[in-house]
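Heads up: the sequence shown at position 48 corresponds to 54 in this note's numbering, and the numbers run straight through without jumps.
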Amino acid sequence: VAQEHAHSSAVERLLNCEVPLRAQYIRVLFCEITRISNHSLASTTHAMDVAASTPFLWAFEEREKLLEFYERVPGARMHANFIRPGGVAQDIPLGLCRDIDSSTQQFASRINELEEM
């Protein structure tokens, strides 16, 4: 999603195109989900390199929960084609922000468990 955001931002600047505020918020939300997903996988892969496989498996499970949010909006898990010049492909469904918020609370406690490990 981050590469889609970069491409769309470049096209919008070239065309002097204004993006609606709601679309800007949705873009940032999904870029942050992508960032958290990627960093959790990368950091626990390093843990696995030093013979700690449990954190990797736990983080992978949490990553799957984050990728489910992609399935609910654009329908794809990896290559979403969601952010487009001028905005986003579609609005987010009702209840998604609430679900992301509750997932964030659970994710924070899971990170604490991983840190204790």
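Backbone N, C-alpha and C fix where the C-beta goes; we use that ideal spot for every residue, glycine too. The structure presented is a predicted model; accordingly, all values stated were derived computationally and were not measured.
Of the listed residues the options, nearest to residue i (C-alpha basis)
i, options, result
"Met123", "His13, Ile32, Phe88, Ala53", "Ala53"
"Ser109", "Ala58, Gly81, Leu72", "Leu72"
"Val79", "Leu63, Gln111, Pro26, Gly101", "Gly101"
"Glu70", "Leu47, Val17, Asp55", "Leu47"
"Phe88", "Asn118, Arg33, Glu67", "Arg33"
"His45", "Gln96, Asp97, Glu68", "Glu68"
"Val7", "Ser59, Val25, Arg83, Val17", "Arg83"
"Glu77", "Ser59, Pro91, Gln96", "Gln96"
"Gln30", "Ser43, Ser14, Asn22", "Ser14"
Three-state secondary structure assigned by DSSP to residue i
i, result
"Arg104", "helix"
"Val7", "coil"
"Ala53", "helix"
"Ile42", "helix"
"Arg28", "helix"
"Ile117", "helix"
"Arg33", "helix"
Beta-bridge pairing of residue i - partner residues as DSSP gives them
i, result
"Arg90", "Gly93"
N- and C-terminal bounds of the alpha helix (DSSP H) containing residue i
i, result
"Gly22", "Per the sequence presented here, residue 22 reads as Asn, with Gly not at that position. Here Asn22 belongs to no alpha helix (DSSP H), and DSSP marks it neither H nor E."
"Ala65", "59-78"
Alpha-carbon spacing of residue i relative to residue j, whole angstroms
i, j, result
"His85", "Glu121", "30 Å"
"Arg116", "Leu20", "42 Å"
"Pro61", "Thr50", "6 Å"
"Val94", "Gln9", "14 Å"
"Ala65", "Arg41", "14 Å"
"Phe36", "Pro99", "13 Å"
Contact with chain C by residue i, beta-carbon distance below 7 Å
i, result
"Ala48", "Although the question refers to chain C, the structure presented lacks it and comprises just one protein chain."
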